[in-house]
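Residue numbers (our numbering): 32 to 713.
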């Protein structure tokens, strides 16, 4: 599957479409126009323009731009004269604000060059006058621009400067924004453990503040983490919750992002009709808003649909249109994605020269900006292209890079961090609700106590108040002790669960190793060896061997999933291979694969319903007899033969041993006679 753009919204962007002004607002504007025409002092004129702009900046971006240009003109005219310190500070602050506003307008239009110019001007003035809140805002906006241009190091530097000031001033709303945007950086770099930490911290603050739009953005971004990990059920849950809030708020930009991302889920599940529907709805909104980045994303995603339908010419048209936009925007990651998508289509058409040109450029850009997913996609395409050209050294280099990037994205550390963050977030939310309920009960109790005190006031109210206060202090101490005990118990529980999980995984490792062939069994292979280095404690990769009816059966398999899920799949796969050969007496590799496929489908109860995981394995299976006859079948995994110094590759069947959405065809049966000096790799 080709990787697509994912729209991750930034908290300081307000692109909600055109809103109609009310009669009251139109009346206010008429009054402000009268002030502008009759005012004798520029300070009054500027204030009127600002009030006017605050009314229309959402509904009329063009007028918003025009009003801010007028404000800048008036401020510069006054600052050119001799002014008192107070008047100078007044016009400088307004000038900085208008520069910031125009910079934000250009941001919405994805004109990052102009946006950078205006935000830099704004920052310079804010630093001169010591406007801390304004400085923090400018650094955040500069970070957004650097992020879109693929300069992650500069973006992170700007966000960190912003959040440092925001923490000093206690601006929680801005802190949440910066946390979200730092999360985006780690997200792009494939460090999902850090990304989920920043997203969750941002979400917590937004919930405290009741910031619905911010909550929708965080839900969307957390959904992307689960999407990347292949957990489509949770990803869909987060995207749907985000979409619901966006629809309540009428936030068209947010609706478009959520529709796009839900389309990605359906694409990942092979439901291309629904994916196309969601992409098209997202594209329509982006075109209404003039959101160039969103348009580029939707065009690229629609190109993927045509690619899956093998309409490569139409796919290239969509990818090329997307590329033109991202080049105009200076979006480096978008350029890398579009170039690689085009390269992939040329590869499918057999134009390997153009495929190499496009994907090599894509890889260079992806490595420059450090985007792990884009590196993986480009190296994977180059690997397949070099294989087609018979350039095996280069193909091996690209294959190793692909595996490195894939394992980085799906590492067990990332998954554990995501699980821990989810547990921590849920616990803290439940604890906050419990504390709120307790405070409510305390308030009711205090009210009842107050009434009792009033009744008994004439008969010794002072004594009652002293006793009540003592009771309250004692009760608070008891509550504090209980809360401390609960926290300590929860900490012990988490540590104990972590130890249990680790012990279980290590025990599972022993079980998995016991299922692998012993070294003495492998000695039957002349100069044979096995290279087996699982990244995690347990693995979805395994090798299998059987001696039966004077034949040697040998398989190398890569099951769906990594870590513990992959290990479970490997045990099922090993068992099904044993059953097919030993119990059912099958001898031809293609028949064995067919039987194992049926076993996977039955064992995992796969019916082909939408949303089900497509579990199984990619594998190579060989049968070798004493007459040096080699029979084999290959499923999504090639077999290599070195004969007389020449590397020969047998192309695999493009289907796994297990359920998948395409047409399930019989596996191909291959035979060859081994010659002296032949070397076989699987």
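We put the beta carbon where it would ideally sit given N, CA and C, even for glycine.
Exercise for review: Excluding the 5 residues preceding and the 5 following residue 230 in the sequence, name in chain order all residues of the same chain whose CB lies nearer than 6 Å to its CB.
Suggested key: Position 199 of the chain shown, counting from 1, holds the residue named residue 230. For residue 230, where only same-chain residues beyond five positions count, the Cβ hits under 6 Å are 214, 249, 252 and 253.
Practice item. In the DSSP assignment, find the unbroken beta strand (DSSP E) run with residue 660 in it and report its ends. Key: Within the chain shown, residue 660 is the residue found at index 629, counting from 1. Unbroken beta strand (DSSP E) run through residue 660: 660-666.
Review point. How many whole angstroms separate the CB atoms of residue 323 and residue 209, which I take to be in contact at a CB cut-off of 8 Å?
Key: Locating residue 323 in the chain shown gives position 292, counting from the first residue. Locating residue 209 in the chain shown gives position 178, counting from the first residue. Residue 323 to residue 209, Cβ: 25 Å. No contact.
Point to revise | Contacts around residue 582, its chain only, beta-carbon distance under 6 Å, and the 5 residues preceding and following it disregarded | key: If you number the chain shown from 1, residue 582 lands on position 551. Hits under 6 Å: 654 and 656.
Review point. According to the Cβ coordinates, are residue 393 and residue 421 closer than 8 Å?
Key: One-based indexing of the chain shown puts residue 393 at position 362. One-based indexing of the chain shown puts residue 421 at position 390. Contact flag unset, no.
Check your understanding: Using the C-alpha atoms, what's the distance from residue 129 back to residue 716?
Key -> Residue 716 cannot be examined here, being either before or after the span of the chain that is shown, 32 to 713.
Check your understanding: Relative to the alpha-carbon of residue 220, which residue among 400, 672 and 579 has its alpha-carbon at the smallest distance?
Key -> Stepping through the chain shown from its first residue, residue 220 is reached at position 189. Closest by alpha carbon: 400.
Review point. For residue 38, which three-state DSSP category applies?
Key: Within the chain shown, the letter at position 7 stands for residue 38. At residue 38, the pLDDT of 37 sits below 50, so the modelled position is not reliable; the number obtained from the coordinates is stated separately. Coil, per DSSP.
**Study point:** Collapsed DSSP secondary structure at residue 631 in the structure displayed
**Key:** Here residue 631 refers to the residue found at position 600 when the chain shown is read from its first residue. Residue 631 falls in the helix class under three-state DSSP.
Exercise for review: Locate the beta strand (DSSP E) running through residue 286, then write down its first and last residues.
Suggested key: Translated into positions along the chain shown, residue 286 becomes position 255. Counting along the chain, residue 286 falls outside any beta strand (DSSP E), though it belongs to the alpha helix (DSSP H) covering 283-299.
Check your understanding: Quick one: what does DSSP say residue 524 is sitting in, helix, strand or coil?
Key -> Taking the first residue of the chain shown as 1, we reach residue 524 at position 493. In the structure shown, residue 524 sits in a helix (DSSP, three-state: H, G or I).
Review point. Going along the chain, which residues of its own chain have a beta-carbon closer than 6 Å to the beta-carbon of residue 419, five neighbours each way excluded?
Key: Reading the chain shown from its first residue, position 388 is the one you call residue 419. Contacts found: 383.
Check your understanding: Nearest CA to the CA of residue 617: which residue from 590, 584, 588 and 646?
Key -> As a first step, residue 617 is located in the chain shown; it is residue number 586 there, counting from the start. Nearest of 590, 584, 588 and 646 to residue 617, Cα basis: 584.
Review point. Exposed or buried, what is residue 338 when buried is set at 16 or more other beta-carbons lying within 10 Å of its beta-carbon?
Key: Taking the chain shown and counting its residues from 1, the one referred to as residue 338 is at position 307. That one is buried.
Check your understanding: Between the beta-carbon of residue 661 and the beta-carbon of residue 623, is there less than 8 Å?
Key -> In the chain shown, counting from the first residue as 1, residue 661 sits at position 630. In the chain shown, counting from the first residue as 1, residue 623 sits at position 592. In this structure, residue 623 does not lie closer than 8 Å to residue 661 by Cβ.
Practice item. To the nearest angstrom, report how far apart residue 334 and residue 224 are at their CA atoms. Key: The count along the chain shown starts at 1 and reaches residue 334 at position 303. The count along the chain shown starts at 1 and reaches residue 224 at position 193. Those two C-alpha atoms are separated by around 31 Å.
Review point. Around the Cβ of residue 364, are there at least 16 other Cβ atoms within 10 angstroms (buried) or fewer (exposed)?
Key: Mapped onto the chain shown, residue 364 falls at position 333. The residue is buried, with at least 16 neighbouring Cβ atoms inside 10 Å.
Review point. What first and last residue would you give for the alpha helix (DSSP H) that runs through residue 349?
Key: Here residue 349 corresponds to residue number 318 of the chain shown, with the count starting at 1. Per DSSP, residue 349 belongs to the alpha helix (DSSP H) from 343-360.
Point to revise | Alpha-carbon spacing of residue 109 relative to residue 139, whole angstroms | key: Residue mapping note: residue 109 aligns to position 78 of the chain shown, counting from 1. Residue mapping note: residue 139 aligns to position 108 of the chain shown, counting from 1. Near 30 Å, if we compare the C-alpha coordinates of residue 139 and residue 109.
Check your understanding: For residue 577, which residues does DSSP report across the bridge?
Key -> As a first step, residue 577 must be located in the chain shown, where it is residue number 546. Looking at the DSSP assignment, residue 577 forms a beta bridge with 584.
Exercise for review: Take every Cβ of the segment 144-156, pair it with every Cβ of the segment 121-135, and state whether three or more of those distances are shorter than 8 Å.
Suggested key: yes
Point to revise | Selected residue, minimal CA-CA separation from residue 631, among 621, 701, 613 and 601 | key: For the purposes of this step, residue 631 is taken as the residue at position 600 of the chain shown. The option with the nearest alpha carbon to residue 631 is 601.
Exercise for review: Identify which residue in 199, 60, 240 and 301 has its Cα closest to the Cα of residue 691.
Suggested key: Stepping through the chain shown from its first residue, residue 691 is reached at position 660. Checked all of 199, 60, 240 and 301; the closest Cα to residue 691 is 301.
Practice item. Can you grab the Cα-Cα spacing for the pair residue 347 / residue 376, in whole Å? Key: Position 316 of the chain shown, counted from the start, is the residue given in the question as residue 347. Position 345 of the chain shown, counted from the start, is the residue given in the question as residue 376. Straight-line Cα distance between these residues: approximately 7 Å.
Exercise for review: Would you list, in sequence order, the uninterrupted alpha helix (DSSP H) runs of no fewer than 4 residues that lie entirely inside the segment 177-247?
Suggested key: 183-200, 203-219 and 223-240
Practice item. Can you check DSSP and say which residues form a bridge with residue 701? Key: Start at 1 with the first residue of the chain shown, and residue 701 comes out as number 670. Residue 701 pairs with 663.
Review point. Does DSSP put residue 111 in a helix, a strand or coil?
Key: In the chain shown, counting from the first residue as 1, residue 111 sits at position 80. Note: residue 111 maps to coil in three-state DSSP.
Check your understanding: Buried or exposed: which applies to residue 711, given that a residue is buried once 16 or more other Cβ atoms fall within 10 Å of its Cβ?
Key -> As a working mapping, residue 711 is identified with position 680 in the chain shown. Counting Cβ neighbours within 10 Å, residue 711 comes out buried, since at least 16 surround it.
Review point. If we count the other Cβ atoms within 10 Å of its Cβ and call it buried at 16 or more, is residue 669 buried or exposed?
Key: Residue numbering aside, residue 669 sits at position 638 when the chain shown is read from its first letter. Exposed, by the Cβ-count rule.
Exercise for review: Excluding the 5 residues preceding and the 5 following residue 189 in the sequence, name in chain order all residues of the same chain whose CB lies nearer than 8 Å to its CB.
Suggested key: Residue numbering aside, residue 189 sits at position 158 when the chain shown is read from its first letter. These residues qualify, in order along the chain: 170, 171, 173, 174 and 177.
Practice item. Consult DSSP for residue 558 and reduce its assignment to one of helix, strand or coil. Key: As a working mapping, residue 558 is identified with position 527 in the chain shown. Residue 558: coil per DSSP, three-state reduction.
Review point. Can you give the Cα-Cα distance for residue 398 and residue 331, rounded to whole angstroms?
Key: Indexing the chain shown from 1 puts residue 398 at position 367. Indexing the chain shown from 1 puts residue 331 at position 300. Whole-angstrom Cα-Cα distance: 21 Å.
Exercise for review: Please name the residue or residues paired with residue 670 in a DSSP beta bridge.
Suggested key: Within the chain shown, the letter at position 639 stands for residue 670. Per DSSP, 681.
Review point. Beta carbon of residue 674, beta carbon of residue 706: below 8 Å?
Key: Along the chain shown, one-based indexing puts residue 674 at 643. Along the chain shown, one-based indexing puts residue 706 at 675. Yes, Cβ-Cβ distance for residue 674 and residue 706 is below 8 Å.
Review point. Quick one: what does DSSP say residue 135 is sitting in, helix, strand or coil?
Key: Position 104 of the chain shown, counted from the first residue, corresponds to residue 135. Helix at residue 135.
Review point. Going straight from the alpha carbon of residue 263 to that of residue 291, what length do you get?
Key: Translated into positions along the chain shown, residue 263 becomes position 232. Translated into positions along the chain shown, residue 291 becomes position 260. Distance between the alpha carbons of residue 263 and residue 291: 14 Å.
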